[in-house]
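Asks:
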């Protein structure tokens, strides 16, 4: 239930409008989009769990809830660095293709958003992990769909003033409207 | 024997326009003043000339030999003198010239010694010898694809062929040369088919005819009945529904056997060999009469000639000569096409020669091509494609230069039949885009291979220089009385 | 106080884990250079300023060189490199590339000095001292490094002839667009 809700109904990119920067930036080629989706899934799930643990076993017992944001950012930054190392080793081409957007997952508001929302919704450990996974899957799904659409549009005859980003933004808007059709899917 | 027929996807029902060229009987075209024989009238490497300028040759003599495996020789269509060897205009979409032999007929039309009598002899039983005869006769696919038949008939020891298809379908409008051949030389076609069936080792052979040719089918059935028990047991005549492009090799195989040639593959991969009826008749001539390929039936038709008909023309005859034999031009300004209206090649002028690929000369009124409009993504093209490709996607990728994506979408499986551009409401010349994509991809492949070779050579050169450097260091460190001059740069 | 300690402890712990990961996941080779080298045309002409295609490829991979320095590769190579590396495709730095040619030695003039043989980066010239030199047309990349060293100026760059074999189908003209309007894909890059 939580998974379906996070992936479709409350999709992080198209409904909550978080994580738009990599969404627009890495969606030019489908191969890069798939790689980015996988990297973000890895980061989101891991950081979701780590930030929950940090909150539960470090901040809460010591009464340091006001340090939540900065702690989470620290955790996320470390996870992203780790992911960067893994990607660089396993696929240097993907590393080059993602370029600056890989370290920018750190500032992806979706990642921080998930971490904070977990606390707000008072999710347990499992729920946090599932929430993180769902958010990431939703992000990846939309990213891959959007990349595929952008590739198709790029081959077509777009009016000169619309080429590139304008038509991409319009497409994103239409996708968002389409995803709002999922409202009411999960009671 | 099979009873069932399958269907291929897509395709079009087109008006035939075939009756006009069938009114007059087949006639042999008289010799023109000059014959222009291209050294490359086939797929593969060009043949190499074996004669000199001024040499006198006999009809059927080898003028150019095939050096490479995928190649075919060129023979003299009549006796005469070699007038020139050089670059001449040939029917090719580029309009470029290609190496040709010019033969001036001496009017005597004398065969090479030993070929004068029209005796029918027993063909050799050894398959290798049969293939050699077919190869040495310069036989190539006369349906228009001009692939060297000896190569097609050598599937290799690993491949088992169970069905031979003789393609008498002739699905394109206006063209009736195969129809005429089947009506006039049905027994030769049957004999050739039986021989070929034995050669490829197929259990069955099917002579396929479109159901708009009842006379041809009847002629073939009669010939088959007269041929004897053995033939009627293994050969059969099947009529297939008239639909363009049922005569396409892959489409015909699907209709007759239900099997589909795999993507990027050949019919022999699924145990089938398909040859045109014209090729079959040429094989008969080569094997039973020792005669090489020097002439073919050409349909001269269209609203632009007074008396459309079929003519037995010597290879190298100028198209203008044939049009004259068909009563001359009926139009002030005419557009000439070699082939049919769907897949034919526009000829720039009528001095171009007939080649092994010339099945039809279509003379139509000149008209400006309708301007192309933007693609409205209606998808009519996908419905018409007989190969089940996505012409619209291929179009978008081809026109935006994304050729690798076009390749993944299967542009090389496109048979260039023209169904998609025929149905396009925006008149987009889709097939031109696919041809453009194919040639760009092929050129890119060639470039990549060249670059790879250059890289290897460069690396080897670096290694050689490093070796020489090291050798020099060794010599300097241990100076002995060694002579100079062994550097060998 | 507690806050500072807690955060410092967390930071140290995470930093330590990261340091360990950095050592364990170290990257040694640079396969990107290989991919770049595959795209370059291998003319080995040196017009990019590097001694051959491989050094240029390594410079590109190390982000020391720009991707628009190869005239024989032309615009197609720049675009391919841009796609591979995720960088921006710029116009070529040098002037318009020459027509693809092959070197041809005038045998009557050749004095057999071997200077051109030493200059050829792909060993496409055959010959020896005081012997006739000739260019293997199939191997010549048209880099024209051999023209300069020849003391009797007997090497000519002959453009490759267009034949029905290497002719390419042209792209159909689009009548409904103005001829100078760029296609979508070219601008979007």
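Chains as they are written, first to last, in my numbering: chain R, 1 to 187; chain L, 1001 to 1489; chain B, 2001 to 2189.
Think of the CB as a built atom: it goes at the ideal place given N, C-alpha and C, for glycine as much as any other residue.
In this text, all values refer to a predicted model and were calculated from it rather than measured experimentally.
1. List the residues of chain L that residue 2162 of chain B touches, going by C-beta distances under 7 Å, in chain order.
2. Any contact between the stretch 1296–1306 of chain L and the stretch 1083–1091 of chain L? By contact I mean 3 or more CB pairs, one from each, below 8 Å.
3. Residues in its own chain within less than 6 Å of residue 2111 of chain B by CB, not counting five upstream and five downstream?
4. Could you give the DSSP three-state label for residue 103 of chain R: helix, strand or coil?
5. When we look at the beta-carbon of residue 1378 of chain L and count the other beta-carbons within 10 Å, is it buried (16 or more) or exposed?
6. If you check the beta carbons only, do residue 1162 of chain L and residue 1194 of chain L fall under 8 Å apart?
7. Let me know the beta strand (DSSP E) ranges lying completely inside the stretch 1029–1078 of chain L, each 3 residues or longer, listed in chain order.
8. Tell me, please, which residues DSSP counts as bridged to residue 1338 of chain L.
9. Using the C-alpha atoms, what's the distance from residue 1237 of chain L back to residue 1022 of chain L?
10. Ignoring anything shorter than 3 residues, give me the beta strand (DSSP E) runs that lie fully in the stretch 1218–1260 of chain L, in order along the chain.
11. Compile a chain-ordered list of the residues in the stretch 2075–2106 of chain B whose CB is closer than 7 Å to at least one CB of chain R.
12. DSSP beta-bridge partners for residue 1276 of chain L?
13. Looking at chain L, is there any beta carbon in it that lies within less than 8 Å of the beta carbon of residue 156 of chain R?
14. With a threshold of 6 Å on Cβ separation, who are the neighbours of residue 1395 of chain L within its own chain once the five nearest residues in sequence on each side are excluded?
15. Is the CB-CB distance between residue 1313 of chain L and residue 1354 of chain L below 8 Å?
16. Using the three-state DSSP reduction, which class does residue 2038 of chain B fall into: helix, strand or coil?
17. Establish whether the CB of residue 30 of chain R and some CB of chain B are separated by less than 8 Å.
18. Can you round the beta-carbon distance between residue 2126 of chain B and residue 2114 of chain B to whole angstroms, since I take them to be within the 8 Å contact cut?
19. Consider the Cβ of residue 2044 of chain B: report whether some Cβ of chain R lies at a distance smaller than 8 Å.
20. CB-CB under 7 Å to residue 1271 of chain L, same chain, minus the five flanking residues each way: which ones, in chain order?
21. Three-state secondary structure (DSSP) at residue 2157 of chain B?
22. Identify which residue in B:2019, B:2052 and B:2161 has its Cα closest to the Cα of residue 1097 of chain L.
23. Name the chain B residues that come within less than 9 Å of residue 1432 of chain L, Cβ to Cβ?
24. Any beta carbon from chain B within less than 8 Å of residue 1092 of chain L's own beta carbon?
25. Answer with buried or exposed for residue 8 of chain R, where buried requires no fewer than 16 other C-beta atoms within 10 angstroms of its C-beta.
26. List the whole-angstrom C-beta distance separating residue 1219 of chain L from residue 1183 of chain L, where the pair is believed to meet the contact cut-off of C-beta under 8 Å.
27. Which residues, in order along the stretch 2111–2124 of chain B, keep a beta-carbon less than 7 Å from a beta-carbon of chain R?
28. By a C-beta neighbour count over all protein chains shown, 10 Å radius and 16 as the cutoff for buried, is residue 31 of chain R buried or exposed?
29. Short of 7 Å Cβ to Cβ, which residues in the stretch 1399–1414 of chain L face chain R?
30. Quick one: Cα of residue 2023 of chain B to Cα of residue 140 of chain R, how far?
31. Between residue 1048 of chain L and chain B, is the shortest Cβ-Cβ distance under 8 Å, so that the two count as touching?
32. For residue 2134 of chain B, which beta-bridge partners are listed by DSSP?
33. Does residue 2035 of chain B come within less than 8 Å of chain R when only Cβ atoms are used?
34. Would a check of beta-carbon distances place residue 1425 of chain L closer than 8 Å to chain R?
35. Can you tell me where the beta strand (DSSP E) with residue 1087 of chain L in it begins and where it stops?
36. Candidates R:11, R:50 and R:4: which alpha carbon is nearest residue 2010 of chain B's?
Replies: Here's the rundown:
1. In the third chain, counting from the first residue as 1, residue 2162 of chain B sits at position 162. Close to residue 2162 of chain B, with beta-carbon spacing below 7 Å, are these residues of chain L in chain order: 1096.
2. No contact exists between the stretch 1296–1306 of chain L and the stretch 1083–1091 of chain L.
3. Residue mapping note: residue 2111 of chain B aligns to position 111 of the third chain, counting from 1. These residues qualify, in order along the chain: 2152.
4. Mapped onto the first chain, residue 103 of chain R falls at position 103. The answer is helix: DSSP assigns residue 103 of chain R an H, G or I state.
5. As a first step, residue 1378 of chain L must be located in the second chain, where it is residue number 378. With fewer than 16 Cβ atoms within 10 Å of its Cβ, residue 1378 of chain L is classed as exposed.
6. Numbered from its first residue, the second chain carries residue 1162 of chain L at position 162. Numbered from its first residue, the second chain carries residue 1194 of chain L at position 194. By the CB criterion at 8 Å, residue 1162 of chain L and residue 1194 of chain L fall outside the cutoff.
7. Those beta strand (DSSP E) runs which fall completely within the stretch 1029–1078 of chain L and span 3+ residues are 1035–1038 and 1062–1065.
8. Start at 1 with the first residue of the second chain, and residue 1338 of chain L comes out as number 338. Answer is L:1345 and L:1361, bridged to residue 1338 of chain L.
9. Position 22 of the second chain holds residue 1022 of chain L. Position 237 of the second chain holds residue 1237 of chain L. Each residue's Cα considered, the two are about 22 Å apart.
10. Counting only unbroken stretches of 3 or more residues, the beta strand (DSSP E) elements lying wholly within the stretch 1218–1260 of chain L are 1235–1240, in sequence order.
11. When CB distances to chain R are screened at a threshold of 7 Å, the residues of the stretch 2075–2106 of chain B falling below it are 2085 and 2086, in chain order.
12. As a first step, residue 1276 of chain L is located in the second chain; it is residue number 276 there, counting from the start. Partner(s): L:1167.
13. Translated into positions along the first chain, residue 156 of chain R becomes position 156. For residue 156 of chain R, the answer is yes, since a Cβ of chain L falls inside 8 Å of its Cβ.
14. Locating residue 1395 of chain L in the second chain gives position 395, where the first residue counts as 1. The residues 1430 and 1433, in chain order, have a CB closer than 6 Å to that of residue 1395 of chain L in the same chain once the five nearest residues on each side in sequence are set aside.
15. Counted from its first residue, the second chain places residue 1313 of chain L at position 313. Counted from its first residue, the second chain places residue 1354 of chain L at position 354. Inclusion of residue 1313 of chain L and residue 1354 of chain L in the CB contact set at 8 Å is warranted, their separation being smaller than that value.
16. Within the third chain, the letter at position 38 stands for residue 2038 of chain B. Here residue 2038 of chain B carries a helix assignment [DSSP, helix/strand/coil].
17. Here residue 30 of chain R corresponds to residue number 30 of the first chain, with the count starting at 1. The C-beta of residue 30 of chain R comes no closer than 8 Å to any C-beta of chain B.
18. Working through the third chain from its first residue, we reach residue 2126 of chain B at position 126. Working through the third chain from its first residue, we reach residue 2114 of chain B at position 114. A Cβ-Cβ distance of about 11 Å is found for the pair residue 2126 of chain B and residue 2114 of chain B, leaving them out of contact under the 8 Å criterion.
19. The residue you call residue 2044 of chain B lines up with position 44 of the third chain. It does not; no Cβ of chain R falls within 8 Å.
20. Within the second chain, residue 1271 of chain L is the residue found at index 271, counting from 1. If we look at residue 1271 of chain L and ignore the five residues flanking it on each side, its Cβ neighbours are 1160, 1161, 1162 and 1163.
21. Taking the first residue of the third chain as position 1, residue 2157 of chain B is located at position 157. It is a strand residue.
22. Within the second chain, the letter at position 97 stands for residue 1097 of chain L. Taking only the C-alpha atoms, the option nearest residue 1097 of chain L is B:2161.
23. The sequence position of residue 1432 of chain L within the second chain is 432, counting from 1. Those are 2169, 2170, 2171 and 2172, listed as they occur along chain B.
24. As a first step, residue 1092 of chain L must be located in the second chain, where it is residue number 92. Chain B, which has a Cβ nearer than 8 Å to the Cβ of residue 1092 of chain L, makes this yes.
25. Working through the first chain from its first residue, we reach residue 8 of chain R at position 8. Looking at its Cβ environment, which holds 16 or more other Cβ atoms inside 10 Å, residue 8 of chain R is buried.
26. Mapped onto the second chain, residue 1219 of chain L falls at position 219. Mapped onto the second chain, residue 1183 of chain L falls at position 183. About 5 Å separates the two Cβ atoms, so the contact holds.
27. Those residues of the stretch 2111–2124 of chain B that come within reach of chain R (Cβ to Cβ, closer than 7 Å) do not exist; the list is empty.
28. Position 31 of the first chain holds residue 31 of chain R. Residue 31 of chain R comes out exposed.
29. The stretch 1399–1414 of chain L vs chain R, Cβ under 7 Å: 1400 and 1402.
30. The residue you call residue 2023 of chain B lines up with position 23 of the third chain. The residue you call residue 140 of chain R lines up with position 140 of the first chain. Taking the straight line from one Cα to the other gives about 30 Å.
31. Position 48 of the second chain, counting from 1, holds the residue named residue 1048 of chain L. Chain B, which has no Cβ nearer than 8 Å to the Cβ of residue 1048 of chain L, makes this no.
32. If you number the third chain from 1, residue 2134 of chain B lands on position 134. Note: residue 2134 of chain B sits in a beta bridge opposite B:2126.
33. Here the question's residue 2035 of chain B lines up with position 35 in the third chain. The C-beta of residue 2035 of chain B comes closer than 8 Å to at least one C-beta of chain R.
34. Residue numbering aside, residue 1425 of chain L sits at position 425 when the second chain is read from its first letter. Not closer than 8 Å to any Cβ of chain R, the Cβ of residue 1425 of chain L fails to qualify, so no.
35. Counting from one through the second chain, the residue named residue 1087 of chain L turns up at place 87. Judged by DSSP secondary structure, residue 1087 of chain L falls within the beta strand (DSSP E) whose first and last residues are 1080–1089.
36. Residue mapping note: residue 2010 of chain B aligns to position 10 of the third chain, counting from 1. It is R:50 whose Cα lies nearest to the Cα of residue 2010 of chain B.
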